[in-house]
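Undergrad: The structure's right below; bear with me while I get my questions together.
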Amino acid sequence: MTRIEELPVRDELRGKSPYGAPQLDVAVRLNTNENPYPLPEALVARIAERVTEAARELNRYPDRDATELRAGLAAYLTRTAGHRVGPEGVWAANGSNEILQQLLQAFGGPGRTALGFEPSYSMHALIARGTGTGWLSGPRREDFTIDVDAAVAVIAEQRPHVIFVCSPNNPTGTAVAARTVVALHEAAQAARPDSGALVVVDEAYGEFSHHPSLLPLIEGRPNLVLSRTMSKAFGAAGLRLGYLAADPAVVDAVQLVRLPYHLSAVTQATALAALEHTDTLLGYVEQLKAERDRIVAELRATGLEVTESDANFVQFGRFEGPAATSTLPLTAHEMWQALLDRGVLVRDNGVPGRLRVTAGTPAENDAFLDAVRAVTKENN
Ligand code: PMP
1 MTRIEELPVR DELRGKSPYG APQLDVAVRL NTNENPYPLP EALVARIAER VTEAARELNR
61 YPDRDATELR AGLAAYLTRT AGHRVGPEGV WAANGSNEIL QQLLQAFGGP GRTALGFEPS
121 YSMHALIARG TGTGWLSGPR REDFTIDVDA AVAVIAEQRP HVIFVCSPNN PTGTAVAART
181 VVALHEAAQA ARPDSGALVV VDEAYGEFSH HPSLLPLIEG RPNLVLSRTM SKAFGAAGLR
241 LGYLAADPAV VDAVQLVRLP YHLSAVTQAT ALAALEHTDT LLGYVEQLKA ERDRIVAELR
301 ATGLEVTESD ANFVQFGRFE GPAATSTLPL TAHEMWQALL DRGVLVRDNG VPGRLRVTAG
361 TPAENDAFLD AVRAVTKENN
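Quick note on numbering: full-length UniProt numbering labels position 371 of the sequence shown as 371, and the sequence is numbered without any gaps.
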C-alpha cells in the first residue's frame with residue numbers, strides 16, 4: 001500500500017490528519033452541532049417538486065450566478081438580521097466552508113497570513129493551510145471572550161491580511177460584541193494602511209444567539225464580510241449551502257476564484273424550497289435556544305463549570321487537564337468515554353478540560369443530562 005508520504009504532496013500537508021468528527025452509530029448523537037429536527041414533510045414535498053423541475057434541465061449547466069437564490073438569501077437577511085442587503089451583496093457556495101475557502105483564495109494565499117482567536121473553529125486554520133495562507137493564533141481570555149487590547153496588539157504586531165472572528169464561537173459558544181469587531185476591524189486597517197485587511201465574521205450559529213446579528217457592521221466597511229450557513233438554523237447540513245453578505249466588490253472578488261457552475265441546480269432548487277419554509281424552521285430554532293438554555297442551567301446545577309452559550313451547543317467542564325482545575329476526578333476524554341458508554345456521543349475538541357454538547361431534542365438532552373448526572377454521582 002502506498003503511503004501519502006511517498007507521493008509528491010505539498011510539504012505542509014505531510015503528516016497531517018483530515019478534519020473529522022467521529023461518525024459513530026450511537027443512540028444519542030450530540031457531537032457535530034447538527035439540528036436534530038428533520039425537515040418538515042411539507043418542505044420535503046416542496047423540495048421534491050423544485051428538484052423535479054430542476055431535473056428537467058439538468059442537461060444544461062446551472063445558473064452560474066445563482067441569481068434567484070441570492071435574491072432569496074438577501075431577502076432573508078434583510079428580514080431577520082437587521083440590515084438591508086441586496087442580491088449583489090450576497091454570494092452562495094457549497095457550505096460556508098467553501099465560502100471561507102473562496103475568501104482565503106481571493107484574499108489570503110502564499111505570502112499572506114490569516115489570524116484567528118483560539119480555541120475556535122478548527123477549519124479556519126485548515127482552510128488557511130489548504131490555500132497556502134500562513135496561520136496566526138491569537139489569544140482569548142480564561143472565560144473564552146476576546147480581550148480587545150490583547151487582540152489589537154497582536155494585529156498591530158503581526159499585520160494579518162485576513163482576520164477570522166467567529167461569533168457565536170465554535171466550540172465555546174461565546175458571542176463577540178459589535179464594538180469588539182469594530183475595534184479589530186479598525187486595528188486591522190491601521191496595521192495595513194496601504195491595502196487594508198479582510199475581517200471575516202463567521203456567524204454560522206448567528207440565528208441561535210441572544211444578541212442581534214453583526215450584519216449591520218458591513219455598512220461602510222467594504223473589508224468586513226459576514227459568513228452564514230443553512231447547515232444549522234435551517235436544519236440542512238446535508239444540503240451544503242453557505243453564503244456571505246458583504247460589499248458587492250467582495251462578491252466580485254470571490255468570483256475570480258470560484259469554479260464555474262460550482263453550485264448545482266439541485267442545490268439551488270433545494271435551498272430555494274427551504275427558504276420558502278423559513279418561518280417553520282426558525283420555530284425549531286426557538287425550541288433549540290430554549291433547550292440550550294436548559295442544558296446550561298441543568299449542567300450548572302450538577303456543579304459543572306459551563307461556558308455562556310449563544311449557539312446550539314454548550315461547552316462544559318472542567319475535567320482534569322493541563323490548564324484545568326477539575327470539578328471531577330476524570331479527564332475530558334474519560335468523561336467523553338463514560339458518556340459514550342451510556343449511549344451519548346459528545347465532542348472532545350481538544351480544549352483542555354472541556355467537552356462540547358450539541359442541543360438536541362428534549363428527549364436527547366434528557367438522555368445526555370441523565371448520563372452526566374450518573375457519571376458525576378459515580379465519581380463524587
Ligand atoms: N463555521 C463554523 C463556526 C462551523 O462550526 C461550521 C460547521 N461546523 C462551519 C462554519 C461550516 O459549516 P457548513 O460548511 O456546513 O456551512
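Every residue gets a Cβ at the ideal spot worked out from N, C-alpha and C, and that includes glycine.
So, is R70 buried or exposed, given that buried needs 16 or more other C-beta atoms within 10 angstroms?
TA: Counted from its first residue, the sequence shown places residue 70 at position 70. Classification for R70: buried.
Undergrad: I'd like to confirm something about A233: is its beta-carbon nearer than 7 Å to some heavy atom of the ligand PMP, or not?
TA: As a first step, residue 233 is located in the sequence shown; it is residue number 233 there, counting from the start. No - the ligand PMP has no heavy atom lying nearer than 7 Å to the Cβ of A233.
Undergrad: Look at the alpha carbon of H211 and the alpha carbon of R56, and state the distance between them as a whole number of angstroms.
TA: As a first step, residue 211 must be located in the sequence shown, where it is residue number 211. As a first step, residue 56 must be located in the sequence shown, where it is residue number 56. If I take the Cα positions, the gap works out to 43 Å.
Undergrad: Give the straight-line distance between the Cα atoms of D363 and Y37, rounded to the nearest whole angstrom.
TA: Taking the first residue of the sequence shown as position 1, residue 363 is located at position 363. Taking the first residue of the sequence shown as position 1, residue 37 is located at position 37. The amino acid at residue 363 is misidentified as Asp; the sequence shows Ala. Whole-angstrom Cα-Cα distance: 12 Å.
Undergrad: Exposed or buried, which one is V85 when buried takes at least 16 other CB atoms within 10 Å?
TA: The residue labelled residue 85 in the question sits at position 85 within the sequence shown. Buried.
Undergrad: Any chance you could list the beta strand (DSSP E) runs of at least 3 consecutive residues sitting entirely within the region 110-187, in chain order?
TA: Listed in chain order, the complete beta strand (DSSP E) runs (minimum 3 residues) inside the region 110-187 are 113-117, 134-138, 162-166.
Undergrad: Can you look up E305 in the DSSP assignment and give me helix, strand or coil?
TA: Taking the sequence shown and counting its residues from 1, the one referred to as residue 305 is at position 305. Reduced to three states, the DSSP call for E305 is strand.
Undergrad: Should N33 and N312 be called a contact, given that it needs their Cβ atoms to be closer than 8 Å?
TA: Here residue 33 is taken as the residue at index 33 of the sequence shown, counted from 1. Here residue 312 is taken as the residue at index 312 of the sequence shown, counted from 1. Yes, these two residues count as a Cβ contact at 8 Å.
Undergrad: On the three-state DSSP scale, how would you describe T2?
TA: The count along the sequence shown starts at 1 and reaches residue 2 at position 2. Reduced to three states, the DSSP call for T2 is coil.
Undergrad: Using three-state DSSP, classify L259 as helix, strand or coil.
TA: Indexing the sequence shown from 1 puts residue 259 at position 259. L259: coil per DSSP, three-state reduction.
Undergrad: Report all residues from its chain with a CB closer than 6 Å to the CB of R112; omit the five preceding and five following residues, and keep chain order.
TA: Stepping through the sequence shown from its first residue, residue 112 is reached at position 112. Excluding positions up to five away in sequence, the list reads T133, H161.
Undergrad: Looking at C-alpha atoms only, which residue of A27, V357, H277 is the closest neighbour of I47?
TA: By one-based count along the sequence shown, residue 47 stands at place 47. Comparing Cα positions, the closest option is H277.
Undergrad: Could you please give the first and the last residue of the uninterrupted beta strand (DSSP E) stretch that includes L224?
TA: Locating residue 224 in the sequence shown gives position 224, counting from the first residue. First-last of the beta strand (DSSP E) with L224: 224-229.
Undergrad: Beta carbon of A245: closer than 7 Å to some heavy atom of the ligand PMP?
TA: Indexing the sequence shown from 1 puts residue 245 at position 245. Checking every heavy atom of the ligand PMP against the Cβ of A245, none is found closer than 7 Å.
Undergrad: For the ligand PMP, is there a heavy atom less than 7 Å away from the beta-carbon of G95?
TA: In the sequence shown, residue 95 corresponds to position 95, counting from 1. Yes; taking the cut-off as 7 Å, the Cβ of G95 has a heavy atom of the ligand PMP nearer than that.
Undergrad: Give the DSSP bridge partners of W91, in chain order.
TA: Taking the first residue of the sequence shown as 1, we reach residue 91 at position 91. Answer is L244, bridged to W91.
Undergrad: What three-state label does DSSP hand T358 in the structure shown?
TA: For this step, residue 358 is matched to residue 358 along the sequence shown. It is a strand residue.
Undergrad: Once the 5 residues before and after G196 are set aside, which same chain residues still bring their CB inside 7 Å of it?
TA: Against the sequence shown, residue 196 aligns to sequence position 196. The residues are Q189, N223.
Undergrad: Compute the beta-carbon to beta-carbon distance between A156 and A191, rounded to the nearest angstrom, for a pair I have assumed lies under 8 Å.
TA: Working through the sequence shown from its first residue, we reach residue 156 at position 156. Working through the sequence shown from its first residue, we reach residue 191 at position 191. Yes, A156 and A191 are in contact; Cβ-Cβ is about 5 Å, under 8 Å.
Undergrad: Given K289, which residues of its chain have a CB within under 7 Å of its CB, disregarding the five upstream and five downstream residues?
TA: As a first step, residue 289 must be located in the sequence shown, where it is residue number 289. Answer for K289: F208, listed in chain order.
Undergrad: Would you kindly work out how many angstroms separate the C-alpha atoms of I4 and A21, rounded to a whole number?
TA: Locating residue 4 in the sequence shown gives position 4, counting from the first residue. Locating residue 21 in the sequence shown gives position 21, counting from the first residue. The straight-line gap from Cα to Cα measures roughly 21 Å.
Undergrad: Taking V225 as the reference, which of S231, A233, L215 has the closest Cα?
TA: Taking the first residue of the sequence shown as 1, we reach residue 225 at position 225. The shortest Cα separation from V225 among S231, A233, L215 belongs to L215.
Undergrad: Tell me, please, whether the region 93-109 touches the region 130-150 by the rule of three or more beta-carbon pairs shorter than 8 Å.
TA: Because the criterion of three Cβ pairs below 8 Å is met, the region 93-109 and the region 130-150 touch.
Undergrad: For H333, which residues in the same chain have their Cβ closer than 7 Å to its Cβ, ignoring the five residues on either side in sequence?
TA: Taking the first residue of the sequence shown as position 1, residue 333 is located at position 333. Here the set comprises D348.
Undergrad: Would you mind reading off the limits of the alpha helix (DSSP H) that contains L77?
TA: Residue mapping note: residue 77 aligns to position 77 of the sequence shown, counting from 1. L77 -> alpha helix (DSSP H) spans 67-80.
Undergrad: DSSP three-state call for R46: helix, strand or coil?
TA: For the purposes of this step, residue 46 is identified with residue 46 of the sequence shown, where counting begins at 1. If DSSP states are grouped into helix, strand and coil, R46 belongs with the helices.
Undergrad: Short check: CB of L304 to CB of T267, under 8 Å?
TA: To locate residue 304, count along the sequence shown from 1; it is residue 304. To locate residue 267, count along the sequence shown from 1; it is residue 267. Not in contact: L304 and T267 (Cβ atoms no closer than 8 Å).
Undergrad: T32 by DSSP, collapsed to three states: which one?
TA: Locating residue 32 in the sequence shown gives position 32, counting from the first residue. Residue state, collapsed to three classes: coil.
Undergrad: Taking all protein chains shown into account, decide if M1 is buried (16 or more other Cβ within 10 angstroms of its Cβ) or exposed.
TA: Along the sequence shown, read from residue 1 onward, the residue named residue 1 stands at position 1. Per the 10 Å Cβ criterion, exposed.
Undergrad: Strictly by DSSP, which residues pair up with D202?
TA: Counting from 1 along the sequence shown, the entry for residue 202 is found at position 202. According to DSSP, D202 bridges with C166, S227.
Undergrad: By DSSP, does F316 sit in helix, in strand, or in coil?
TA: Locating residue 316 in the sequence shown gives position 316, where the first residue counts as 1. Residue state, collapsed to three classes: strand.
Undergrad: Say yes only if the C-beta of N349 is nearer than 7 Å to one or more non-hydrogen atoms of the ligand PMP, and no if none qualify.
TA: Working through the sequence shown from its first residue, we reach residue 349 at position 349. Every heavy atom of the ligand PMP is 7 Å or more from the Cβ of N349, so no.
Undergrad: What residues match up with R347 in a beta bridge as DSSP calls it?
TA: Counting from one through the sequence shown, the residue named residue 347 turns up at place 347. The partner list for R347 (beta bridge, DSSP) reads R356.
Undergrad: Applying the 10 Å Cβ sphere with the 16-neighbour rule, what's the burial state of V28?
TA: To locate residue 28, count along the sequence shown from 1; it is residue 28. V28 is buried by the Cβ-count criterion.
Undergrad: With a Cβ-Cβ cutoff of 8 Å, do A125 and G116 count as a contact?
TA: Along the sequence shown, read from residue 1 onward, the residue named residue 125 stands at position 125. Along the sequence shown, read from residue 1 onward, the residue named residue 116 stands at position 116. Their beta carbons are under 8 Å apart, which means A125 touches G116 by this criterion.
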